[in-house]
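I have placed the structure first, in the form of structure tokens, so that the comments after it can refer back to it.
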Amino acid sequence: MKNPIIPFATLALASIALAACGSTGSSSASGSASESQTTSSSEVITTTSAEPEVKAVRPVKAFSYGETLKNASNFDLFLTHRVNLYENNVYEYIQTQITYGYSMNLGTSVITTYGTYAEGTAEDGVTPYTLNKAAEVLLSSYSNAGGFRIQINTSSKDQTYPTEMPAKVQGEQNMANNKGDVINEYGIGTKIYVGNDNVLSFVDPNSEEENPTKAVVDTSSGAVDSVLKELDKIRIVGNISGEGMVHYVVDCLHAFKDGTYEYIETDLTFGYSMVLGTSSIVNFGEGSFGQGEDGVTPYDLEAAEDVVLNSYSKAGGFSIAINTASEDQTYPTEIPAKVQGEQNMANSKEDVIKECGPALTVYSNDADCVMSLTDPNAE
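Going by the numbering used here, 366 is the number at position 364 of the sequence shown; the sequence numbering is gapless.
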């Protein structure tokens with residue numbers, strides 16, 4: 003089980019839970035070989051050659067935003083938006099969603115899009131970024147209440163069409179006839195605006211428009227395979243906990259075929275008729291599948307190699323951003339508090355990993371896109 007991290011909002015009686023995540027990342031490889039060569043003068047020359055170090059691909063910047071909306075059926079949507087930006091101008095945009103109604107979780111979805119981006123010129127402390135139309139879309143969506151399991155991976159050679167997409171309204175069968183239909187549904191580009199707190203917005207806070215709207219960008223993206231590696235499996239799970247102050251938590255595992263993983267956890271905390279806090283952790287490390295039993299296969303995540311964390315509260319007035327892979331990350335650094343009023347500090351990268359990226363095991367359903375955080379076969 004994961005160790006919980008609990009950020010706090012400085013409202014009376016308000017606290018925000020944030021659970022620690024697993025990790026994914028590529029391991030660095032270096033090696034050397036020595037060989038002796040004999041010259042014509044019998045002089046022995048020793049040469050050393052080294053393989054170039056493989057640098058793990060990690061975000062250089064990360065932003066997040068949490069919100070609540072109503073869907074077409076008037077159910078509550080609890081949404082967290084996460085954008086990771088990489089050195090080669092590739093973005094990863096992760097949207098997690100829990101649909102709530104009839105006092106239950108009606109559905110959990112994670113949509114991850116990959117494309118290229120351009121950074122604009124900062125103005126009054128706000129930097130615009132253009133996220134071009136996606137090159138690839140990963141979608142996982144399920145409902146225990148509705149009885150559906152849907153998964154789409156446009157980057158996979160095994161993806162077939164037509165394929166079902168999540169319904170927009172209850173009872174609808176929403177079909178994609180090709181990859182372009184999926185991208186047009188979930189991968190339309192947009193502009194985002196980011197201030198010094200690393201909280202993103204879809205509308206320009208410096209705009210003089212009375213009612214600014216979210217921009218649509220239909221410029222196509224270039225190659226994204228430097229970030230999106232070949233996937234083995236994608237697994238998700240959504241959980242709701244608490245009363246009064248409720249945590250809508252979504253975990254997502256991207257297990258890659260090279261033995262690395264990316265583990266994403268988002269926590270949107272709602273109470274007092276507002277979003278009290280939003281947290282998003284992406285961990286990078288190495289992992290492997292174990293021996294399956296009764297349709298469930300464990301996936302063991304080693305302790306994270308790197309942790310990229312964003313946690314903020316407009317209500318509580320705090321914003322925390324940590325990227326252990328960044329050369330600009332300094333220590334000690336504040337990490338989300340476990341109890342209200344605490345100042346929780348990490349003195350090193352190792353402290354951050356211990357708190358936010360410990361080793362853990364999740365349990366993958368062999369038949370569909372769902373996983374469990376506890377062993378369903380345990381007695």
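Backbone N, C-alpha and C fix where the C-beta goes; we use that ideal spot for every residue, glycine too.
Beta-carbon gap between residue i and residue j smaller than 8 Å
i	j	result
V62	L87	yes
G359	Y314	no
G117	P130	no
E267	I283	yes
A327	N312	no
I152	E166	yes
I238	V364	no
V298	N213	no
A257	Y301	yes
N379	D296	yes
M347	A317	no
A178	P168	no
K356	V219	no
G103	F65	no
L133	Y93	yes
A255	S157	At residue 255 the sequence reads Leu, which differs from the Ala that was named. It is not a contact, given that the beta carbons lie outside the stated cut-off.
N101	N73	The displayed chain sequence assigns Thr, not Asn, to residue 101. Their beta carbons are under 8 Å apart, which means T101 touches N73 by this criterion.
D253	L375	yes
D126	N176	no
A120	V226	no
Y67	L233	no
V171	S290	no
Sequence-distant residues of the same chain with beta carbon closer than 7 Å to residue i, five excluded per side
i	result
A361	L303, E304 and A305
G148	L108 and G109
F204	T192, I194 and K216
F320	Y314
Q161	I154 and N155
F150	Y144
A382	No answer is possible for residue 382: it lies beyond the span of the chain, which begins at 3 and ends at 381.
Own chain residues within Cβ distance below 6 Å of residue i, not counting five before or after
i	result
T383	The displayed coordinates of the chain run from 3 to 381. Any statement about residue 383 would go beyond what the structure contains.
H249	A19, S243, D269 and T271
G27	Any reading at G27 is ruled out, since the residue's pLDDT is 37, under 50, leaving its predicted position unreliable.
C23	Because C23 carries a pLDDT of 38, less than 50, the predicted location of this residue cannot be relied on, and no value is offered for it.
L81	E69 and Q99
D183	none
D377	Y365
S142	V112, Q153, I236, I238 and C371
N325	V310 and Q331
Y333	N349 and S350
S222	K135
G224	T118
R84	S66, I96 and S282
Delimiting residues of the alpha helix (DSSP H) encompassing residue i
i	result
D353	K351 to C358
Y195	From DSSP, Y195 is part of no alpha helix (DSSP H) but of the beta strand (DSSP E) over G191 to V196.
Y188	K181 to Y188
Element boundaries [beta strand (DSSP E), containing residue i]
i	result
G166	Residue identity differs from the one stated: residue 166 is Glu in this sequence, not Gly. T165 to M167 is the span of the beta strand (DSSP E), which, as asked, contains E166.
K327	Note on identity: in this sequence residue 327 is Ala, with Lys being the wrong assignment. Unbroken run through A327: none, as it is neither H nor E.
Q99	V92 to G103
M276	M276 to F291
R84	D78 to L87
M106	M106 to E121
F204	First-last for F204: undefined, no H or E at that position.
K72	K63 to K72
N346	N346 to A348
E336	T335 to I337
R151	F150 to N155
R237	L233 to S243
A257	V248 to F258
P300	V298 to L303
N176	N176 to A178
G273	T262 to G273
N134	Neither: N134 is in no beta strand (DSSP E) and is coded neither H nor E.
T162	That residue, T162, is in no beta strand (DSSP E); it is neither H nor E in DSSP.
V226	That residue, V226, is in no beta strand (DSSP E); it is neither H nor E in DSSP.
N146	Segment: none, N146 is in no beta strand (DSSP E) and carries neither H nor E.
T332	Counting along the chain, T332 falls outside any beta strand (DSSP E), and DSSP gives it neither H nor E.
Cβ neighbours of residue i in the same chain (closer than 8 Å, five flanking residues each side left out)
i	result
Q345	E336 and A339
E45	Here E45 scores only 49 on pLDDT, less than 50, and its place in the model should not be relied on; the value that follows carries that caveat. Closer than 8 Å at the Cβ level, and outside the excluded window around E45, lies no residue.
S43	Legend: pLDDT at S43 = 42, less than 50; position of this residue unreliable, value from coordinates given subsequently. Contacts found: none.
One or two residues paired with residue i in a DSSP bridge
i	result
T215	The partner list for T215 (beta bridge, DSSP) is empty, contrary to what the question assumes.
K57	Answer is none; K57 lacks a bridge partner.
L141	I113 and I154
E125	V128
E295	V298
V372	I238
S315	F320
V171	Note: V171 sits in no beta bridge, so no partner.
S366	T299 and M373
8 Å Cβ cutoff, residue i in contact with chain D
i	result
N179	Protein chains in the displayed structure number just one, and chain D is not present.
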